[in-house]
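Chains A and B are the protein sequences, given in the same order. Position 31 of the first sequence, counting from 1, maps to 31 under the UniProt record's numbering, and the rest follow consecutively. Position 215 of the second sequence, counting from 1, maps to 215 under the UniProt record's numbering, and the rest follow consecutively. Only one structure is covered here, and it is reproduced in the block below.
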Amino acid sequence: MSTAANTAATGAPLLELRDIGKDFGSVIALDGISTTVRAGQVTCVLGDNGAGKSTLIKVLSGVHRPTRGELLLDGAPVRFSAPREALDAGIATVYQDLAMIPLMAIWRNFFLGSEPTTGWGPFRRFDSATAKDVTRRELAAMGIDVRDVDQPVGTLSGGERQSVAIARAVHFGARVLILDEPTSALGVKQAGVVLRYIAQARDQGLGVVFITHNPHHAHPVGDRFLLLNRGRSLGDFAKGEVSREELTTMMAGGDELTQLAEELGREPRS
Amino acid sequence: MGRPARADERVAAVGLWRRLLVKPELGSLIGAVVILAFFSAQSQVFRSLSGIANWLDVASTLGIMAVAVALLMIGGHFDLSAGVLTGTTALTVGIVAVRFGQNIWVAIAVAGVLALAIGALNGWLVTRTGLPSFIITLATFLMLQGLNLGLTKLFTGTVQVRGIAEAPGYHSAELVLASTFSVFGQQFRIAVVWWLLATAVATYVLLRTRFGNWVFATGGDEVASRNVGVPAARTTITLFMTTAAAAWLVGSITAVRLTSVQANTGTGQELIYIVAAVIGGCLLTGGFGSAIGAALGALVFGMTQQGIVYLRWDADWFYFFLGAMLLLAVLSNRAVRRYAEAARR
């Protein structure tokens with residue numbers, strides 16, 4: 001781990017969740033979720049499908065308001081009633097579907113919702129020259145090689161899109177970066193590329209929330225692991241407290257996995 | 001500036017051809033040139049100055065609407081009430097000016113407030129309910145059609161409003177909305193200028209402002225754009241109000257030029273606006289299109305309509321041609337989009 005991350009880890013957490021819960025009507029989607037996100041660290045949220053990962057992201061990014069519990073930003077309680085408010089507070093979310101518009105050019109997507117303008121009054125216009133230039137520079141700084149910022153986002157590969165989305169969040173002054181399953185749809189190589197950008201964002205001092213169902217992706221990059229199952233927390237561990245194997249076992253519900261292994265192992269013989 | 005040389009090398013590989021192909025207006029430009037060449041070769045009247053003034057006139061009022069409808073379509077919505085709304089505004093101008101004896105500018109202002117309110121209502125209903133705009137505006141279309149007939153009969157006892165020319169202030173209104181100007185000794189309708197102005201403003205807004213970026217984004221993926229902080233509902237409502245404002249302009253031009261307005265004015269035009277926008281490269285699914293393309297689509301429509309008359313063909317063939325062009329446009333739009341998106345080497 002870098003020294004910057006170590007010193008940052010001693011300060012107050014950027015974001016803290018205390019007993020967060022969320023109900024949709026009679027369905028309890030989340031209950032009793034607590035963890036911390038520190039600057040220069042990666043907090044991994046692990047869980048199988050339906051564990052409540054997506055609901056948790058939506059609570060953090062201001063899409064949903066928590067029914068119970070407290071969200072603390074720099075130690076002070078906050079309530080977001082719109083995604084915009086979370087963004088303004090420095091919490092940027094890179095969604096699974098990326099919140100990018102495939103038919104629009106990369107530079108238009110990069111500044112979507114936060115377009116730089118020039119001129120005044122009715123002649124205030126989208127400063128496209130600056131937008132293109134900044135997009136090109138920010139992508140190059142992240143080591144992302146796109147051929148032409150004018151090409152539609154739809155022409156990029158999955159890993160490239162994730163990387164552009166991460167670069168965008170970093171550029172807009174995100175302090176907390178929430179990544180929703182950034183590696184799930186990617187091949188091994190592409191996933192490695194994205195994990196490297198996650199590490200890079202961490203080294204720049206951001207607090208990263210990395211949501212995934214893949215412990216093999218989470219373990220090498222994570223500093224903290226929050227495990228979810230059916231809307232409840234199975235535990236919130238620091239890096240040293242848990243091994244990759246333990247993570248895998250817990251995620252799959254332990255016994256179920258052993259049972260499955262036996263079941264599958266026996267089949268070829270019968 | 002500090003752009004990496006490596007990236008520039010790859011840019012060159014994209015090629016001029018693909019850059020042209022991804023322009024939404026390319027198809028309508030080719031279509032317009034082909035149709036212009038065809039009718040010009042066949043008909044002397046068509047290529048004469050008076051002929052040009054004639055088909056530009058047809059294209060102009062249609063074009064103002066097509067441009068506004070194109071913005072709305074890029075934003076991901078339809079407005080079936082746009083056609084009948086031109087009738088509603090024209091009738092309002094007539095009734096307020098003639099029945100209530102108001103200055104024509106007052107009548108035009110009243111029609112404007114009414115149109116914007118209807119546009120806002122359309123937009124509010126669509127954003128609030130999340131129902132397809134197709135069905136919401138079909139409802140407002142039918143209601144307005146009924147109101148146009150019912151209220152016109154109520155106020156005038158007939159199905160038309162006449163005598164707008166006698167209203168106070170008519171001459172200044174005529175100058176702005178229905179006069180002609182001379183180019184090479186040929187009189188052209190002022191509506192052509194409004195059409196060009198609308199196209200220029202729409203293109204500027206679409207490509208050079210924040211709002212334009214939001215229009216593309218809202219139409220491309222509403223949920224995603226809302227997630228990054230685009231005010232999608234406000235954008236949608238503004239677009240419906242823009243269409244309504246265009247209908248107000250066209251309705252006022254119609255009322256002032258014809259000085260009498262039929263109660264069924266504008267009915268059936270709404271689909272033609274959509275056809276022009278689609279010929280101009282707008283995708284039915286939203287997120288892609290151009291105002292210049294829609295203006296060219298209207299031009300194609302105007303040229304075909306007048307060209308068939310000049311060639312003394314049976315006018316029935318016009319709709320066949322229009323349908324064929326629409327089909328061709330939809331197919332080529334789809335092919336171009338796939339080509340532009342898929343292959344990246």
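All residues carry an ideal CB built from backbone N, CA and C; glycine is no exception. Quantities reported herein were computed from a predicted structural model and do not represent experimental measurements.
Answer with buried or exposed for residue i, where buried requires no fewer than 16 other C-beta atoms within 10 angstroms of its C-beta.
{"i": "Lys-189 (chain A)", "result": "exposed"}
{"i": "Ala-141 (chain A)", "result": "exposed"}
{"i": "Ala-173 (chain B)", "result": "buried"}
{"i": "Val-93 (chain B)", "result": "buried"}
{"i": "Ser-270 (chain A)", "result": "Only weak support is given to the placement of Ser-270 (chain A): the predicted model assigns it a pLDDT of 47, under 50, and the question is left unresolved by the model."}
{"i": "Arg-124 (chain A)", "result": "exposed"}
{"i": "Ala-5 (chain B)", "result": "Because Ala-5 (chain B) carries a pLDDT of 38, less than 50, the predicted location of this residue cannot be relied on, and no value is offered for it."}
{"i": "Gln-162 (chain A)", "result": "buried"}
{"i": "Trp-194 (chain B)", "result": "buried"}
{"i": "Arg-108 (chain A)", "result": "buried"}
{"i": "Ile-135 (chain B)", "result": "exposed"}
{"i": "Lys-199 (chain B)", "result": "For the sequence presented, residue 199 (chain B) should be read as Thr rather than Lys. Burial call: buried."}
{"i": "Phe-111 (chain A)", "result": "buried"}
{"i": "Asn-333 (chain B)", "result": "buried"}
{"i": "Met-100 (chain A)", "result": "buried"}
{"i": "Asn-49 (chain A)", "result": "exposed"}
{"i": "Glu-241 (chain A)", "result": "exposed"}
{"i": "Arg-168 (chain A)", "result": "buried"}
{"i": "Gly-76 (chain A)", "result": "Gly is not the amino acid found at residue 76 (chain A); the sequence shown has Ala there. Ala-76 (chain A) comes out exposed."}
{"i": "Gln-42 (chain B)", "result": "exposed"}
Can you give me the C-alpha to C-alpha distance between residue i and residue j, rounded to a whole angstrom?
{"i": "Gly-21 (chain A)", "j": "Arg-68 (chain A)", "result": "5 Å"}
{"i": "Gly-207 (chain A)", "j": "Val-176 (chain A)", "result": "5 Å"}
{"i": "Asp-223 (chain A)", "j": "Gly-173 (chain A)", "result": "22 Å"}
{"i": "Asn-6 (chain A)", "j": "Glu-263 (chain A)", "result": "No answer about Asn-6 (chain A) holds up, because its pLDDT of 44 lies below 50 and its placement is not dependable."}
{"i": "Ala-29 (chain A)", "j": "Asn-227 (chain B)", "result": "21 Å"}
{"i": "residue 351 (chain A)", "j": "Thr-43 (chain A)", "result": "Because chain A is modelled from 1 through 270, residue 351 (chain A) falls outside the range shown and cannot be assessed."}
{"i": "Pro-66 (chain A)", "j": "Trp-248 (chain B)", "result": "46 Å"}
{"i": "Thr-130 (chain A)", "j": "Val-215 (chain B)", "result": "20 Å"}
{"i": "Val-84 (chain B)", "j": "Ala-37 (chain B)", "result": "33 Å"}
{"i": "Glu-25 (chain B)", "j": "Met-104 (chain A)", "result": "16 Å"}
{"i": "Trp-313 (chain B)", "j": "Ala-324 (chain B)", "result": "17 Å"}
{"i": "Ala-109 (chain B)", "j": "Ala-97 (chain B)", "result": "11 Å"}
{"i": "His-216 (chain A)", "j": "Ala-199 (chain A)", "result": "15 Å"}
{"i": "Arg-84 (chain A)", "j": "Val-230 (chain B)", "result": "9 Å"}
{"i": "residue 347 (chain B)", "j": "Gln-44 (chain B)", "result": "This structure leaves residue 347 (chain B) out entirely; chain B is present only between 1 and 345."}
{"i": "Ala-298 (chain B)", "j": "Tyr-273 (chain B)", "result": "8 Å"}
{"i": "Asn-264 (chain B)", "j": "Gln-186 (chain B)", "result": "32 Å"}
{"i": "Leu-87 (chain A)", "j": "Asp-127 (chain A)", "result": "21 Å"}
{"i": "Leu-156 (chain A)", "j": "Leu-186 (chain A)", "result": "13 Å"}
{"i": "Ala-165 (chain A)", "j": "Trp-105 (chain B)", "result": "51 Å"}
{"i": "Ile-292 (chain B)", "j": "Asp-148 (chain A)", "result": "25 Å"}
{"i": "Arg-79 (chain A)", "j": "Asp-19 (chain A)", "result": "14 Å"}
Hey, quick one: how far does the alpha helix (DSSP H) through residue i stretch, first residue to last?
{"i": "Asn-148 (chain B)", "result": "133–156"}
{"i": "Gln-306 (chain B)", "result": "291–310"}
{"i": "Glu-70 (chain A)", "result": "First-last for Glu-70 (chain A): 68–73, but that is the beta strand (DSSP E), not the alpha helix (DSSP H)."}
{"i": "Asp-133 (chain A)", "result": "128–141"}
{"i": "Gly-51 (chain B)", "result": "49–74"}
{"i": "Phe-211 (chain B)", "result": "210–220"}
{"i": "Asp-316 (chain B)", "result": "From DSSP, Asp-316 (chain B) is part of no alpha helix (DSSP H); its letter is neither H nor E."}
{"i": "Leu-163 (chain A)", "result": "According to the sequence displayed, residue 163 (chain A) carries Ser and not Leu. 158–171 is the extent of the alpha helix (DSSP H) around Ser-163 (chain A)."}
Check for me: the beta strand (DSSP E) holding residue i runs from which residue to which?
{"i": "Val-94 (chain A)", "result": "91–94"}
{"i": "Val-176 (chain A)", "result": "176–180"}
{"i": "Asn-229 (chain A)", "result": "224–229"}
{"i": "Gln-186 (chain B)", "result": "186–189"}
{"i": "Ser-260 (chain B)", "result": "Taken as a continuous stretch (DSSP letters only), Ser-260 (chain B) belongs to no beta strand (DSSP E), as it is neither H nor E."}
{"i": "Asp-19 (chain A)", "result": "15–24"}
So does residue i have its beta carbon nearer than 7 Å to some heavy atom of the ligand FMN?
{"i": "Ser-26 (chain A)", "result": "By its list of ligands, the structure shown contains no ligand whatsoever, and the ligand FMN lies outside what it can speak to."}
Please identify, using Cβ separations under 8 Å, the residues of the region 70–104 of chain A that lie next to chain B, in order along the chain. For the region 70–104 of chain A, which is checked against every Cβ of chain B, the residues closer than 8 Å are Pro-83, Arg-84, Leu-87, Thr-93, Tyr-95, Asp-97, Leu-98, Ala-99, Met-100, Ile-101, Pro-102, Leu-103, Met-104.
Scan the region 184–211 of chain B for residues whose Cβ lies nearer than 7 Å to a Cβ of chain A and list them as they occur along the chain. Listed in sequence order: Arg-208, Thr-209, Arg-210.
Positions along the region 227–240 of chain B whose CB lies within less than 8 Å of some CB in chain A: Within the region 227–240 of chain B, the qualifying residues are Asn-227, Val-228, Gly-229, Val-230.
If contact means a Cβ-Cβ distance below 9 Å, which residues of the region 45–62 of chain A contact chain B? From the region 45–62 of chain A, only Ser-61 have a Cβ closer than 9 Å to chain B.
Touch test, the region 208–223 of chain B against the region 25–39 of chain B, Cβ-Cβ under 8 Å, three pairs minimum: Under the three-pair Cβ rule at 8 Å, the region 208–223 of chain B does not count as touching the region 25–39 of chain B.
With three or more C-beta pairs closer than 8 Å as the rule, is the region 144–162 of chain B touching the region 251–264 of chain B? Inter-segment contact for the region 251–264 of chain B and the region 144–162 of chain B is present: three or more beta-carbon pairs are separated by less than 8 Å.
What residues in the region 268–289 of chain B bring their beta carbon closer than 7 Å to a beta carbon of chain A? Those would be Gly-287, Phe-288, in chain order.
Validate contact between the region 302–318 of chain B and the region 225–240 of chain B using beta carbons, cut 8 Å, 3 pairs: Between the region 302–318 of chain B and the region 225–240 of chain B there are fewer than three inter-stretch CB-CB distances shorter than 8 Å, so the stretches are not counted as touching.
Anything in the region 110–135 of chain A with a Cβ closer than 8 Å to a Cβ of chain B? List those residues in chain order, please. Listed in sequence order: Phe-111, Leu-112, Gly-113, Ser-114, Glu-115, Thr-117, Arg-124, Arg-125, Phe-126, Ser-128, Asp-133.
Okay, do the region 141–151 of chain A and the region 113–123 of chain A touch, 3+ Cβ pairs below 8 Å being the bar? They do not touch, by the three-pair rule.
Within the chosen definition, does the region 63–82 of chain B reach the region 130–144 of chain B through at least 3 CB pairs nearer than 8 Å? Contact between the region 63–82 of chain B and the region 130–144 of chain B is present, because at least three Cβ pairs lie under 8 Å.
Would you call the region 51–71 of chain B and the region 176–196 of chain B in contact, with 3 or more CB pairs under 8 Å? Contact between the region 51–71 of chain B and the region 176–196 of chain B is present: three or more C-beta pairs spanning the two stretches fall below 8 Å.
Touching or not, the region 270–283 of chain B and the region 112–126 of chain B, by the rule of three or more beta carbon pairs under 8 Å? In short, these stretches do not touch, since the Cβ pair count stays below three.
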